[in-house]
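**Q** Count along the sequence shown from 1, add 649, and you get the number used in my numbering.
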Amino acid sequence: MSMQPKGPGARPGFATLSLEYPLSLGVFEKYEEAQKAVDTLSDTGFPVENCLIVGTDLKQLERVTARLTWGRVALGGILSGLWLGLFVGLIFALFNPPANAMSLLLSTALVGALFGLVWSLVGYAFTRGARDFSSVSQVVATRYEVFVEHKFAQQGRQILADAGIDVATGLPGHTSGMHPGPVTQPPVPPAPTASTPSTPSGSSAPAAPAPPATVPTSPARPEDAAAPPGGDRDPS
């Protein structure tokens with residue numbers, strides 16, 4: 650595994666920015682923290698030529714500097730064209746007699762200023778007011794990861810751990826692997842269930858039938874017992 654492509658399509662300048670089998674030593678929030686980690690390795694005699702700092706999670710920052718108007722655009726075009734004209738005039742003055750040097754510088758400066766004015770106004774007109782501001786932009790990395798060749802990875806991690814550098818956050822005083830993991834509860838065994846008796850043939854025996862429900866009877870009253878069967882009592 651290589652951090653940079655190799656082959657006919659790869660640029661020769663990337664040869665020094667690649668590792669054969671890179672392994673990550675740690676991820677840091679700031680470049681200074683990654684630099685400190687590599688510097689710590691260097692102080693112990695670690696072969697730092699096998700290290701690689703990679704900026705990950707790239708993002709672009711754009712800082713708005715001013716509002717653009719026709720006057721500001723024209724002034725900027727004149728100044729840029731003036732400097733360009735003076736530079737060209739200085740080159741031509743080296744190959745001309747000194748008597749003509751000043752006139753040559755002035756003429757090239759005027760031509761450059763005029764060219765810069767026209768070029769900037771035409772370019773601004775083509776934007777049609779879609780971008781009425783000037784800005785400066787920069788691409789920065791959110792995190793920085795330190796890679797090292799696989800054969801030196803264990804040695805590098807041990808050196809950083811002894812120095813008290815957390816390879817996960819780059820903060821001193823915390824070593825990687827010291828953070829407690831999530832606590833897991835042991836599984837609860839299922840509650841035992843009553844087993845039905847089995848017959849010699851292996852099949853379960855049928856459950857015994859439930860006894861029939863009895864209907865409670867109310868006790869007989871004394872006057873009902875004194876009355877003759879089948880007849881009404883004689884009223885007195």
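By construction, the Cβ of each residue, glycine as well, lies at the ideal position given by its N, Cα and C atoms.
(1) Would you check if there are 3 or more beta carbon pairs closer than 8 Å linking the stretch 773-791 to the stretch 717-734?
(2) Considering only the alpha carbon of each residue, which of Leu-728, Val-797, His-799 lies closest to Leu-766?
(3) What number of angstroms, rounded off, separates the C-alpha of Gly-761 from the C-alpha of Leu-770?
(4) If you draw a straight line from the C-alpha of Gly-704 to the C-alpha of Gly-805, how long is it?
(5) Given Lys-708, which residues of its chain have a CB within under 7 Å of its CB, disregarding the five upstream and five downstream residues?
(6) If you reduce the DSSP assignment to three classes, tell me which class Thr-718 lands in.
(7) Rounded to a whole number of angstroms, what is the C-alpha to C-alpha distance between Tyr-793 and Ser-667?
(8) Determine, using beta carbons only, whether Phe-764 comes closer than 8 Å to chain D.
(9) Inspect the beta-carbon positions of Val-687 and Val-697 and report whether they are closer than 8 Å.
(10) Spatial neighbours of Glu-798 within its chain, please: CB distance less than 8 Å, with the 5 preceding and 5 following residues excluded, ordered by chain position.
(11) Can you give me the C-alpha to C-alpha distance between Leu-735 and Leu-724, rounded to a whole angstrom?
(12) Classify Thr-833 as helix, strand or coil using the three-state DSSP reduction.
(13) If you reduce the DSSP assignment to three classes, tell me which class Ser-769 lands in.
(14) Which partner residues of Gly-778 appear in the DSSP bridge assignment?
(15) Taking all protein chains shown into account, do 16 or more other C-beta atoms lie within 10 angstroms of the C-beta of Glu-711, making it buried, or fewer, making it exposed?
(16) Compare the C-alpha of Ala-812 against each of Phe-796, Asp-692, Lys-679 and name the closest.
(17) Could you tell me the alpha carbon to alpha carbon distance between Val-676 and Ser-786, rounded to whole angstroms?
(18) With Leu-809 as the anchor, note down where its beta strand (DSSP E) starts and where it stops.
(19) To the nearest angstrom, how far is it from the Cα of His-828 to the Cα of Leu-809?
(20) Could you tell me which residues DSSP puts in a beta bridge with Ser-783?
(21) Which residues does DSSP list as the beta-bridge partners of Leu-793?
(22) Going straight from the alpha carbon of Ala-748 to that of Arg-777, what length do you get?
**A** From the atom records:
(1) In the pairwise beta carbon analysis, the stretch 773-791 is classified as touching the stretch 717-734: at least three pairs are separated by under 8 Å.
(2) Leu-728
(3) 14 Å
(4) 19 Å
(5) Val-789, Thr-791
(6) If DSSP states are grouped into helix, strand and coil, Thr-718 belongs with coil.
(7) 16 Å
(8) Included in the structure is just one protein chain, with no chain D present.
(9) yes
(10) Leu-668, Glu-669, Tyr-670, Pro-671, Leu-672, Asn-699
(11) A direct Cα-Cα distance of roughly 17 Å separates Leu-735 from Leu-724.
(12) Unreliable placement is indicated for Thr-833, whose pLDDT of 46 sits below 50; no coordinate value is reported for it.
(13) helix
(14) In DSSP, Gly-778 forms no bridge with anything.
(15) A residue is called buried once 16 or more other Cβ atoms fall within 10 Å of its Cβ, and Glu-711, having fewer, is exposed.
(16) Asp-692
(17) If you draw a straight line from the Cα of Val-676 to the Cα of Ser-786, it comes to about 25 Å.
(18) Leu-809 -> not in any beta strand (DSSP E); alpha helix (DSSP H) instead, spanning 802-811.
(19) Unreliable placement is indicated for His-828, whose pLDDT of 37 sits below 50; no coordinate value is reported for it.
(20) Ala-715
(21) Strictly speaking, residue 793 in this sequence is Tyr, with Leu absent from that position. In DSSP, Tyr-793 forms a bridge with Phe-677, Gly-704.
(22) Between the C-alpha atoms of Ala-748 and Arg-777 there is a straight-line separation of about 46 Å.
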